Structure formats: C-alpha cells, structure tokens
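Colleague:
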Amino acid sequence: MSGNMAENAIVNIVDIKKSFAGVLALNGVSFSVPEKSIFGLIGPNGAGKTTLINVINGVYKPDRGEIHFGAVRLNDMAIYDIAQLGISRTFQVARIFRRMSVLENMVAPTIFLKESSERLKARIFDLLDFVGLAGKKDQYALELSGGQQKLLEFARCLVTDPQLVLMDEPFAGVHPEIKAQLIDNIKELNEKGKTFIIVSHDMRSISDLCTRAVVLNFGEKLSEGPT
Numbered sequence: 062m063s064g065n066m067a068e069n070a071i072v073n074i075v076d077i078k079k080s081f082a083g084v085l086a087l088n089g090v091s092f093s094v095p096e097k098s099i100f101g102l103i104g105p106n107g108a109g110k111t112t113l114i115n116v117i118n119g120v121y122k123p124d125r126g127e128i129h130f131g132a133v134r135l136n137d138m139a140i141y142d143i144a145q146l147g148i149s150r151t152f153q154v155a156r157i158f159r160r161m162s163v164l165e166n167m168v169a170p171t172i173f174l175k176e177s178s179e180r181l182k183a184r185i186f187d188l189l190d191f192v193g194l195a196g197k198k199d200q201y202a203l204e205l206s207g208g209q210q211k212l213l214e215f216a217r218c219l220v221t222d223p224q225l226v227l228m229d230e231p232f233a234g235v236h237p238e239i240k241a242q243l244i245d246n247i248k249e250l251n252e253k254g255k256t257f258i259i260v261s262h263d264m265r266s267i268s269d270l271c272t273r274a275v276v277l278n279f280g281e282k283l284s285e286g287p288t
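Residue 62 is where the sequence shown starts when you use our numbering, and the numbers rise one by one after that.
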C-alpha cells in the first residue's frame, strides 16, 4: 500500500485533480476516511465539495490521482459497479421519483439486488419506520415536505445496505425536527458500523456529528483535523 494511504481507512483520496473546460475544480486533494467514522467536508460554495463526492462515486473521473475504497481502485469503475461495492449517496436536492409512492420509491433500487423478496420487504419497512415515513408509504413522494423527501431519499439509499454513505448537504432547508432526526439516524447507523462522508455548510452540525473534517476552498485542501 502506498505511503500516502492509511491502512485503517475505508476511503483513500490521493492527489486528486479535476478540471472542467480548463477551470480547476479540485487540485491535489488528498485525505483518508477512517472506517466506521463520520467524516465532514466543509467549505464555501464552489470549494469543490460536491465535485469530490461525484468523483468518489464515479459521476466524474479524476484527471489525476487515486481513489481507493478499501483495497479497490475506483478510478476507472462505472457508477453501477461502485454502488455494488457498497457505496451509496444522497443529493443536495433529493432525487426521488415524485410521481411514485413512497413505497414504490423504496422498491426501485431492489431490482439490482440478489436477495429474497421477503428479506427486502422486511428491510424496506424497517427503513421506512426508521426514518418516520411508514405511515406515508402509500402517499405520492411529491406530497411530502422537502425535509420528508430528504428522509425518503436517505432511506432509499440504505436499501442496498451500503458500507459508505455520501451525503450532500443533508440538513439544508429542512425543518429542525427533521434535521434532529437525520442526525440521530446517522449516529445510530454509524454505531452499527456504517461510514459517512457529509458535505455541509452547517458548521454546528458538522462539529457535533463528525469526528474529523476536511476544509476545501477553490478546489484545494486548506486544513484537516478533528472537529
């Protein structure tokens, strides 16, 4: 293993560079995410946080550098194959099927899973109960509040039972009660062994929730340390 990569890390980012039309979005970013941690990515708009999330889960391919998930190099892998390894994500604006029911949204990702229908059904209902949406399973997703739509997207990303969850601005624009619930949900899942990388402008939440964070600005890492 490279000297730039931590052996106890679930994710190793090494010297990542990414540009768009000649404009640098990420420039030599390196850090490691400890397994079973809650890791923060903070910085102003345009700092490169979402671009970095997109590089990790395969939306963008880096121009330079290495991305490893455990011992697996992700650089040239397709989004679907990366997801199959155990990486899932949420978006700043929830990406759900708004004209489908809550339950139908939860069922959608199971078409890729090789598990029994009984086991998947139990997991889906457990997750809906976990995020407080069990009573809304038959409602159209568009009838949910913005915060509830984020809860639905969060629950749906957990259907595949990922090891690593990437969350882009999960607390932006949500009611304080839903924010508190999300934080409790994340903590509980982390205690059960899941790793989180969380992008947020909410410094208080990052400080309270994350054990470590990286600060990005203009595509470069300014600092890294415990929160």
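A virtual CB, placed ideally from N, CA and C, is assigned to each residue, including glycine.
These figures come from a predicted structure and were not determined experimentally.
According to DSSP, simplified to helix, strand and coil, what is R134?
Modeller: Three-state result, R134: strand.
Colleague: Just verifying my parser: in three-state terms, what is the DSSP assignment at A274?
Modeller: Here A274 sits in strand by DSSP.
Colleague: For G234, is the classification buried or exposed, using 16 other Cβ atoms within 10 angstroms of its Cβ as the cut-off for buried?
Modeller: So G234 counts as exposed.
Colleague: Looking only at C-alpha atoms, which of F152, F191, L277 sits nearest to L243?
Modeller: Among F152, F191, L277, the Cα nearest to that of L243 is on F191.
Colleague: Can you tell me whether DSSP reads R125 as helix, strand or coil?
Modeller: Strand, per DSSP.
Colleague: Would V120 be called buried (16 or more neighbouring beta carbons within 10 Å of its own) or exposed?
Modeller: Exposed, because fewer than 16 other Cβ atoms sit within 10 Å of the Cβ of V120.
Colleague: Beta carbon of I74, beta carbon of S98: below 8 angstroms?
Modeller: No, these two residues do not count as a Cβ contact at 8 angstroms.
Colleague: Taking just the CA atoms, how far does V226 sit from I259?
Modeller: If I take the Cα positions, the gap works out to 8 angstroms.
Colleague: Any idea if M62 is buried or exposed, counting beta-carbon neighbours within 10 angstroms, 16 or more meaning buried?
Modeller: In this prediction, M62 has a pLDDT of 44, which is less than 50 and means its spatial position is unreliable; what the coordinates show is noted afterwards. So M62 ends up on the exposed side.
Colleague: Going residue by residue through the stretch 149-207, where are the continuous alpha helix (DSSP H) segments of at least 4 residues, counting only ones entirely within it?
Modeller: Listed in chain order, the complete alpha helix (DSSP H) runs (minimum 4 residues) inside the stretch 149-207 are 163-168, 178-191.
Colleague: Helix, strand or coil: which one does DSSP assign to K240?
Modeller: Here K240 sits in helix by DSSP.
Colleague: Is the CB-CB distance between E285 and G89 below 8 angstroms?
Modeller: No, the Cβ-Cβ distance between E285 and G89 is not below 8 angstroms.
Colleague: I'd like to check one pair, K211 with A155: are the Cβ atoms closer than 8 angstroms?
Modeller: Taking 8 angstroms as the Cβ cut-off, A155 and K211 qualify as a contacting pair.
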